[in-house]
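**Student:**
Numbering (the working numbering), first residue to last: 377 to 549.
(1) Name the DSSP beta bridge partners of residue 457, please?
(2) Leaving out five residues on either side along the sequence, give the residues of the same chain with a beta carbon under 6 Å from the beta carbon of residue 489.
(3) Go ahead and label residue 537 buried or exposed: buried means 16 or more other beta carbons lie within 10 angstroms of its beta carbon, across all protein chains shown.
(4) Taking one C-beta from the stretch 393–403 and one from the stretch 416–426 each time, how about it: are there three or more such pairs within less than 8 Å?
(5) Verify whether the separation of the beta carbon atoms of residue 438 and residue 455 is less than 8 Å.
(6) Would residue 423 and residue 390 be called neighbours here (beta carbons separated by less than 8 Å)?
(7) Under the DSSP definition of a beta bridge, which residues are partnered with residue 379?
(8) Under 8 Å between C-beta atoms, does residue 541 make it to chain C?
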């Protein structure tokens, strides 16, 4: 079986045709907290980003993949970030773009696929994730795939006038 292909979806590199999909996600204020965004992105900036998305993970230190369902619909994004080949670790985060695709197993399958990819092809020893302590769905997802809570960053993010803790999760090979 291919590393980035599952039963419900497959993961693929960004394409120029993803401009509208990325634009919609990056300008959705309800998820800015997750991406630490504070300002909207223009189509021009996203187009430039897509033009440079071909960079190798060893050069860019990150990789963004689109989750595509069996009906060829874009479901969400999964990112590898802060890739550190010397210390054999990489961060992982994901976003299901629309409510209609949430709680249907897409996130779990995408996370399984990207973990398998990172261990097999990037030869990392560990993956880590930073999750807001009130993001119960993500906590449940990551814990279901054997990510272990290893720490709490107190008052880590300031959202809507209050501080929130962030939990650090880790999965070792």
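Each residue gets a CB set at the ideal place from its N, CA and C atoms; glycine is no exception.
**Tutor:** Quick answer:
(1) 467
(2) 380, 382 and 387
(3) exposed
(4) yes
(5) yes
(6) no
(7) None, per the DSSP bridge assignment.
(8) Given the protein chain composition of this structure (a single chain), no chain C is represented.
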